[in-house]
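Using the working numbering, you'd call the opening residue of the sequence shown number 654 and step up by one each time. Read the structure below first, then the notes.
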Amino acid sequence: MKVLFIDSVHRILEERLLSSQFICVNGTHLSKEQCQDIASDFEGIVVRSRFKMDQEFLAHFPQLKFIARSGAGMENIDIHYCEERNIHLFNAPEGNRNAVGEHAIGMLLTLFNRIHLANTEVRNGKWDREGNRGIELEGKTVGLIGYGNNGKAFAQKLSGFDVRILAYDKYKSGFSDAFVSESTLQNIYQNCDVLSFHIPQNEETIYFGNNEFFESFKKSIYLINLSRGKVVETSALVKAIKANKVLGACLDVLEYEKTSFESFFDQELNSDFKYLLDSDKTLFTPHVGGWTNESYFKLSNVLADKILAFFK
């Protein structure tokens, strides 16, 4: 079976496929058009996010049997077209779930204790203890929207902080466990101090965090988004911060992200995003929640497990 690697991934995936008689071709240096020119006999594609796997692109691969996405989200793949052609899709949310859980904890503790702000102040010669008085997680109620791999990993990390964790998942039931209590959205609206998104981007979840969503909370909340940028409507978040409905936000992902993350700041930044950048109530990271040395290996190893198990 011949596989085209469109994006760079950990070498363990190629090594394990080669050992099982797969033919692996490095296409990471090729343009989209060049990939299409050589596509006719490839049966597999390995990708992160460099190109959209849409019908126009995939139509050049008549022999395609699978797409392996090194990561969790599948929003850049035309899933319906793949189903029509019986192209099997592999992703690896198990590979970076621990990284996402730890990153969410780190962002939340940093925001609660103003670590990012205090660090800058001390470096600039300002020693302000009272202005950097933090708040504690203990006793808070944390709500999770989505309880898949990443949501559960975050809940496991949180469980040692003596918090109450509620989880809502539209597609699951009966999932209460040692870490969370299954909840309705209404119960989350009524009780939460912290809200964290752990859902994929699709037609149902784009702008889940809109004006109506933020206005539904009984208490002012802290927001965490390590899922996908378009899950939260930026204008609604700005409005909620100004109205004190959102006391602070940890954002690893942003509505304005492009397919190529590295070109993010090439675009003109709108006023809502500029507001968030200037606010001391926001904390940003550049979509690296699942981006660790360990997860780099795990993502590829998980994909190897799934591909080899399926085709054996």
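Ideal placement from N, C-alpha and C gives every residue a C-beta, glycine not left out. Just so it is clear, the structure is predicted and the values come from calculations on it, not from any experiment.
Beta-carbon within less than 7 Å of residue i's beta-carbon, same chain only, minus the 5 sequence neighbours each way: which residues are those?
i, result
"E774", "D781"
"E747", "N802 and V955"
"S673", "L961"
"K810", "G754, E755 and I758"
"T763", "H769 and L936"
Residue i: which of the options sits nearest, CA to CA?
i, options, result
"H967", "S723, Q708, R722 and N744", "Any property of residue 967 remains undetermined from this structure, which presents the chain solely from 654 to 965."
"S873", "S888, A893 and G862", "A893"
"F968", "N729, G813, E857 and M706", "Outside the shown range of the chain (654 to 965) lies residue 968, about which nothing can therefore be said."
"V906", "R722, F850 and D919", "F850"
"K705", "G748, I659, E886 and L838", "I659"
"Y800", "S932, R817 and S826", "S826"
"E696", "A889, L711, S684 and L683", "L711"
"H975", "I960, S932, N923 and E947", "The question about residue 975 has no answer here: the residues shown for the chain are numbered 654 through 965."
"L929", "I841, E947, V891 and V700", "V891"
"D731", "A745, G759 and S702", "S702"
"K786", "E835, G778, R776 and F765", "For the record, residue 786 in the displayed sequence is Arg; it is not Lys. When only C-alpha atoms are compared, the closest one is F765."
"E686", "L961, H713, E857 and D919", "H713"
"F861", "S836, I698, A889 and T837", "A889"
"E857", "N777, Q839 and V885", "V885"
"L936", "T945, R669, F926 and W944", "F926"
"A725", "P715, Q716, Q920 and F743", "F743"
"T681", "V700, S673, L671 and R669", "V700"
"V941", "S829, L838, A962 and E910", "E910"
"K959", "L670, L657, K655 and S661", "L670"
Helix, strand or coil for residue i per DSSP?
i, result
"V795", "strand"
"G748", "helix"
"K951", "helix"
"N662", "According to the sequence displayed, residue 662 carries Val and not Asn. Here V662 sits in coil by DSSP."
"L790", "coil"
"L819", "strand"
"A725", "coil"
"K959", "helix"
"F765", "helix"
"I758", "helix"
"I732", "helix"
"K810", "helix"
"F719", "strand"
"K825", "coil"
For residue i, which residues of its own chain have a beta-carbon under 6 Å away from its beta-carbon, when the five flanking residues on both sides are left out?
i, result
"K883", "Q854, I859 and E908"
"L848", "G796, I874 and L876"
"R750", "N802, N803 and A806"
"P715", "none"
Cutting at 8 Å between CB atoms, please list the residues of its own chain near residue i, excluding the five before and the five after it.
i, result
"E728", "P853, Q854, N855 and R881"
"K934", "I894, V899, L900, G901 and A902"
"N863", "E886 and A889"
"E791", "F814, D815 and V816"
Quick check: is any heavy atom of the ligand NAD less than 7 Å from the C-beta of residue i?
i, result
"I859", "The model on display carries no ligand, and the ligand NAD is accordingly not part of it."
Below 8 Å, how does it come out for the segment 784-804 and the segment 728-739: are there three or more Cβ pairs, yes or no? no
Alpha helix (DSSP H) segments (min. 4 residues) lying fully within the segment 678-713: 685-690 and 708-711
Say whether the segment 744-756 touches the segment 689-696, bearing in mind that this needs 3 or more beta-carbon pairs closer than 8 Å, one atom from each stretch. no
Is it true that the segment 662-681 meets the segment 951-959, where meeting means three or more beta-carbon pairs spaced less than 8 Å apart? yes
Determine contact between the segment 863-871 and the segment 804-823, defined as no fewer than three beta-carbon pairs at a distance below 8 Å. no
Which runs of the beta strand (DSSP E) fall wholly inside the segment 831-861 and span at least 3 residues, in chain order? 847-850
Could you name each continuous beta strand (DSSP E) segment of 3 residues or more that falls completely within the segment 856-940, going from the start of the chain to the end? 874-878, 899-904 and 935-937
If we count Cβ pairs, one from each stretch, closer than 8 Å, do we get three or more for the segment 712-732 versus the segment 670-678? no
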